[in-house]
Each structure stands twice: as structure tokens, then as C-alpha cells.
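A.B. asks: When you read off a place in the sequence shown, starting at 1, and then add 17, the result is the number in the numbering used here.
We put the CB at the ideal spot given by N, CA and C, even for glycine.
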Amino acid sequence: MAVITTAGENLITSLQSQGKALVIDQIILANISGLDVYASVDRSQGKPSEGQIVSQAGITQAGVVENTTIVYSQVLGSEVGTWSFNWLGLYCSEHDTVVAIAYEPIQEKRATDGNVIGNVITKNFAIEFNGASDLTGINISAESWQVDFSARLLDMDEIQRDIMSQVYGDITSLNSCLLYTSDAAD
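1. Is the CB-CB distance between N141 and S90 below 7 angstroms?
2. Looking at the structure shown, is Q62 part of a helix, part of a strand, or coil, going by DSSP?
3. Please report the distance separating the alpha-carbon of A127 from that of N48.
4. Could you please give the first and the last residue of the uninterrupted alpha helix (DSSP H) stretch that includes L28?
5. Give every residue of the same chain whose Cβ lies closer than 6 angstroms to the Cβ of S101, excluding the five residues on either side of it in the sequence, and list them in chain order.
6. For N141, which residues does DSSP report across the bridge?
7. Determine whether the beta carbon atoms of N103 and V54 lie at a separation below 7 angstroms.
8. Using 8 angstroms for Cβ pairs, my map puts I44 next to L107. What's the rounded Cβ distance?
9. Please state whether DSSP places T153 in a helix, a strand or coil.
10. Less than 7 angstroms separating the beta-carbons of G94 and V40?
11. Between I176 and V71, what straight-line distance do the alpha-carbon atoms span, to the nearest angstrom?
12. For R60 and D130, I'd like the C-alpha separation in whole angstroms.
13. Nearest to T153 by alpha carbon, out of Y120, M173 and V116?
14. Do you know how far the Cα of D42 is from the Cα of I76?
15. Identify the continuous beta strand (DSSP E) that holds E121 and give its terminal residues.
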């Protein structure tokens with residue numbers, strides 16, 4: 018589970034009292050050897066050591082879920098990698114502060130290498146605190162870019178089935194029409 022760090026809490030409180038904006042501009046991914054991902058996150062943690070950090074890159078998108086919850090998203094394309102990570106941090110570079118941390122079971126990020134296709138990972142990290150939308154200045158709904166494409170993909174499958182039925186006829190819809198059996202003796 019993600020938690021706001023002590024330093025993040027202090028930064029949030031300070032910026033709110035000053036009327037200044039909080040800009041979380043990076044997600045840090047790290048591979049921390051021996052990390053118990055099921056343990057409670059230590060709120061006093063800061064940025065991992067350079068040897069543990071595998072990625073420190075900009076936020077791809079940010080949106081508000083409700084006034085108290087902001088979600089930050091980062092897309093890691095197939096050209097990025099190859100490494101593993103189990104630690105995520107929301108980072109404010111202006112104040113050199115890790116605002117929130119989450120532990121996850123180890124994940125592998127693979128880059129495309131020749132004919133071996135890499136994977137694409139989207140990491141979403143939500144934080145919740147009073148006045149989050151006001152402090153961050155984020156007022157775009159996360160629903161505007163966090164789209165569930167399931168219905169569209171199912172429609173595309175149905176269109177493809179319909180086209181194949183038109184091209185090849187009714188035989189494409191028979192339950193076992195393409196089942197291979199052999200009558201040859203062994």
C-alpha cells in the first residue's frame with residue numbers, strides 16, 4: 018500500500034500554509050534487494066541510493082479522481098529497460114522530496130532487443146490528502162485518459178468475426194469445423 022512519507026507530509030503542510038503549488042514531476046522506480054513488499058512502508062524513507070534506482074522519469078499524465086485524490090501515471094515504452102523493480106516513489110524535484118512510496122512484488126521491465134519484443138508498462142500511483150486538487154493545481158479528471166477499452170476491443174472482435182463469416186461463409190461458425198483429426202494408423 019502506498020503511503021505519504023514524513024518528508025512529503027511536511028512538504029504538503031508547508032506548501033499549503035504558504036499557498037504554493039506542489040509539483041510532483043517524476044516517478045522513481047528502484048530495485049531494493051531484500052525488500053519485504055508486504056511490510057508496512059517506512060514513512061521516514063527518502064530517495065533510494067543511485068545503485069538501486071533503475072528509472073527516474075517524468076510523469077506521463079496526472080488527473081484528479083476527487084478533490085482529495087490525485088493519480089499520477091507513467092508509461093514505460095518497449096524501448097525502456099531491461100531491469101526489475103519493487104519500489105515506487107512519487108518525487109518532487111523542485112524540493113528534492115520523495116512525497117509518497119509504494120512497495121510491489123518484483124516486476125520486470127524488458128526493452129526490445131533485436132527480434133525480442135519488450136513490454137510496455139503503465140504505472141499509476143494515487144495519493145490522497147485534504148485539498149490535493151487545489152494544492153497540485155490538477156483539475157483534469159483521470160477518467161479523461163484512464164479509459165477502459167474492454168468494450169471497444171470486444172466490438173472489434175465481433176466485427177472481425179462478422180467479416181470472416183461473410184468471407185468464408187457459415188462454416189466459420191461451426192463448433193468443430195477446424196478440428197484436426199487423423200485417420201492414419203500409427
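C.D. replies: This is what the structure gives:
1. With contacts defined as CB atoms closer than 7 angstroms, N141 and S90 qualify as a contacting pair.
2. Residue state, collapsed to three classes: coil.
3. Note that residue 127 is Arg in the sequence shown here, rather than Ala. Taking the Cα positions, R127 is about 14 angstroms away from N48.
4. That run of the alpha helix (DSSP H) goes T23 to Q35.
5. So the qualifying residues of the chain are N48, I123 and E125.
6. N141 pairs with S90.
7. In this structure, N103 sits near V54, with a CB-CB distance shorter than 7 angstroms.
8. Their Cβ separation, rounded to whole angstroms, is 6 angstroms, which keeps I44 and L107 in contact under 8 angstroms.
9. T153 falls in the helix class under three-state DSSP.
10. Cβ distance not < 7 angstroms, so G94 and V40 don't count as in contact.
11. Those two C-alpha atoms are separated by around 42 angstroms.
12. R60 and D130 have their C-alpha atoms some 38 angstroms from each other.
13. Of the candidates Y120, M173 and V116, the one whose C-alpha sits nearest the C-alpha of T153 is V116.
14. Going by the C-alpha atoms only, they are around 6 angstroms apart.
15. Taken as a continuous stretch (DSSP letters only), the beta strand (DSSP E) holding E121 covers T114 to K126.
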